[in-house]
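Single-structure report; data block below.
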Amino acid sequence: ESYLGPALPSSRDSIKLQTPRSLAKPSPPPPMATAGCAGRWAPLALALLLAAVVALALIPQAARAASGGVMGGRSYSSSEPDESSSSNSYSFYDSSSHISIGAPSRRRAAKDDDDDDNSDVIFWVLFVGLVLLIAAVWYYYEYERQRTTVVKLQVALLGWAKPFQKELNEIAERVQASNKHSYKFMLTETICSLSRHRDCCVFSSLSVNVKNGADTWEAHFDKLSIKERSKFDEETLYNLEGIKRTKEYSKKLDGSRNEYIVVTILVAAKGALKFPKIRRPADLEAVVEKLNSIPNREIRGVHVLWTPQDENDILSEEKLRADYPNLKPHNDY
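Take full-length UniProt numbering: the final residue in the sequence shown is number 333, and no numbers are missing along the way.
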C-alpha cells in the first residue's frame, strides 16, 4: 500500500470538535447563589415575626384586665363642727361664814389667825392642783380629738366568690354616699358580705396610721384611695361623695377563669385605734369586728374599692401579685 498522508478525522469527530461552546449544556449554579437568595428573604421574615409578636402583645390579655368599683365618702375639716366651742365653763368660789360670840381672848384670837392661815394655804394648794388637773384633762382631750386613725384593709378572695362581687355592686348602686350616716351602712354591709365568704379569703394585708390634725389625715386618706383606684384599667362603677356613674366594660372576657377578687376597705376614725396583726383567718375576723364596732359618730370617712367589678372580668394571679404585693397568705392555708 502506498502512503497517502495523515488520516483525516471522520465527519462525526469533526462535528464534535466544531460544536460551539455556547451550545454546550449549562452547568448548575454554584451553592452560594442559592444562599444569596435566602439571605435576601431573611430580613423580611424577621420583620414579619416581630410584627406578629407586637400584635399579640397588644391583644387584651386576662392578666391585664381589671375593671373596678368604688363607693364611699369622707368628711371635711371645714364642715365638721368645732367641738371645742361647746366646752363647759367652770367657776370656783369659796363661801365661808364667821360667827363671833362675845369678845375672844388674845390667845384664842391668835389661834384663830393660825387656823385661817393654814386654811388659806390648803385652799390655794387644792385650787392650784385642781386647775392643773383640769388643764391636763383639757389638753389630753384636745390632743385626742385631733388624732385620726386611717385603716387600710385589703383582702383577696378566690374567684368563685361571685356572690360577694355581686353584693358589693348592689350596695354601691343603692347607697347615698354623700350622707355621713351612710358611712356606717357601707362599712357594715361590706363587712357582713365579707364574713359570709370568709372561706374564700386567702390573702390579706393591714396598715394602720395615726395622724394628728385634719389636713394630715385627709391628705393621707385621699392618697391611699387614689393609689388603689389607679390600679383599675377602667372604673366601671363609681359612687363617691354623692356622684354616681356607671360604664360598660370595654374588654369583654370569659369570666369562667376568674381567679381572684380583691376588696380594699379604707376607714378614717377619730382617736388612736389599735388592731391586731393578721396571721391567720381568726385575726382577720378580729380586725373586721373591730372596724364594725366603731360608732357612727366616730367615723370620718369610708371608701370601699373592689376589682374586678364586671362579672365577666378576670383578675389573674399574675396581676394580683403585681398590683398587690403586700398581700400575705394566711397560715392556715
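Idealized CB from N, CA, C, for every residue including glycine.
Neighbourhood of residue i by C-beta distance below 8 Å, restricted to the same chain and skipping five residues each side
{"i": "Lys166", "result": "Glu311"}
{"i": "Phe185", "result": "Val175"}
{"i": "Ser250", "result": "Glu234"}
{"i": "His181", "result": "Asn296"}
Spatial distance of residue i from residue j (CA atoms)
{"i": "Lys211", "j": "Arg174", "result": "32 Å"}
{"i": "Leu315", "j": "Ala161", "result": "13 Å"}
{"i": "Glu218", "j": "Arg147", "result": "12 Å"}
{"i": "Val287", "j": "Phe203", "result": "14 Å"}
{"i": "Asn326", "j": "Ile191", "result": "21 Å"}
{"i": "Arg321", "j": "Gly129", "result": "59 Å"}
{"i": "Arg280", "j": "Pro329", "result": "8 Å"}
{"i": "Tyr90", "j": "Lys244", "result": "Model confidence at Tyr90 stands at a pLDDT of 31, short of 50, so the residue's coordinates are unreliable and nothing is read from them."}
{"i": "Pro308", "j": "Leu168", "result": "11 Å"}
{"i": "Asp313", "j": "Ala135", "result": "58 Å"}
{"i": "Val121", "j": "Val137", "result": "24 Å"}
{"i": "Lys270", "j": "Glu189", "result": "21 Å"}
{"i": "Ala66", "j": "Glu318", "result": "12 Å"}
{"i": "Leu153", "j": "Leu133", "result": "39 Å"}
{"i": "Ala177", "j": "Gly213", "result": "24 Å"}
{"i": "Lys277", "j": "Val125", "result": "47 Å"}
{"i": "Leu291", "j": "Phe127", "result": "42 Å"}
{"i": "Phe221", "j": "Val131", "result": "38 Å"}
{"i": "Ala282", "j": "Arg198", "result": "10 Å"}
{"i": "Asn239", "j": "Glu248", "result": "15 Å"}
{"i": "Ser195", "j": "Lys223", "result": "27 Å"}
{"i": "Asn118", "j": "Thr149", "result": "49 Å"}
6 Å CB neighbourhood of residue i in its chain, flanking five on each side removed
{"i": "Leu305", "result": "Val70, Glu228 and Thr264"}
{"i": "Thr246", "result": "Leu237"}
{"i": "Asp323", "result": "Lys231"}
{"i": "Tyr260", "result": "Ala156, Gly159, Leu315 and Leu320"}
{"i": "Gly68", "result": "Phe232, Glu235, Thr307 and Gln309"}
{"i": "Tyr183", "result": "Ile299 and Val302"}
{"i": "Asn296", "result": "Lys184"}
{"i": "Ser193", "result": "Phe164 and Glu167"}
{"i": "Asn331", "result": "Arg279 and Arg280"}
{"i": "Glu289", "result": "none"}
For residue i, the three-state DSSP class (helix, strand or coil)
{"i": "Lys319", "result": "helix"}
{"i": "Gly129", "result": "helix"}
{"i": "Ile191", "result": "helix"}
{"i": "Ile226", "result": "helix"}
{"i": "Phe185", "result": "helix"}
{"i": "Phe232", "result": "coil"}
{"i": "Ile122", "result": "helix"}
{"i": "residue 371", "result": "Residue 371 falls outside the range modelled here, since the chain spans only 1 to 333, and no answer is possible."}
{"i": "Asn212", "result": "strand"}
{"i": "Pro329", "result": "strand"}
{"i": "Ile314", "result": "coil"}
{"i": "Val53", "result": "The predicted position of Val53 is uncertain, since its pLDDT is 46 and thus under 50; a value taken from the coordinates is nonetheless stated next. Val53: helix per DSSP, three-state reduction."}
CB contact flag (residue i, residue j, <8 Å)
{"i": "Arg300", "j": "Ala268", "result": "yes"}
{"i": "Val151", "j": "Val208", "result": "yes"}
{"i": "Gly73", "j": "Glu241", "result": "yes"}
{"i": "Phe123", "j": "Leu206", "result": "no"}
{"i": "Ser75", "j": "Asp215", "result": "no"}
{"i": "Leu187", "j": "Val262", "result": "no"}
{"i": "Leu266", "j": "Ser293", "result": "no"}
{"i": "Leu284", "j": "Cys201", "result": "yes"}
Other residues of its chain near residue i: CB distance less than 7 Å, five sequence neighbours each side excluded
{"i": "residue 339", "result": "Look at the range of the chain in this structure, 1 to 333, and you will see that residue 339 is not part of it."}
{"i": "Ala172", "result": "Gly69, Met71, Leu237 and Asn239"}
{"i": "Glu170", "result": "none"}
Pick out the complete alpha helix (DSSP H) segments inside the segment 234 to 294, 4 residues or longer, and give them in chain order.
281 to 292
Completely contained beta strand (DSSP E) runs for the segment 134 to 180, where each covers 3 or more residues
147 to 158
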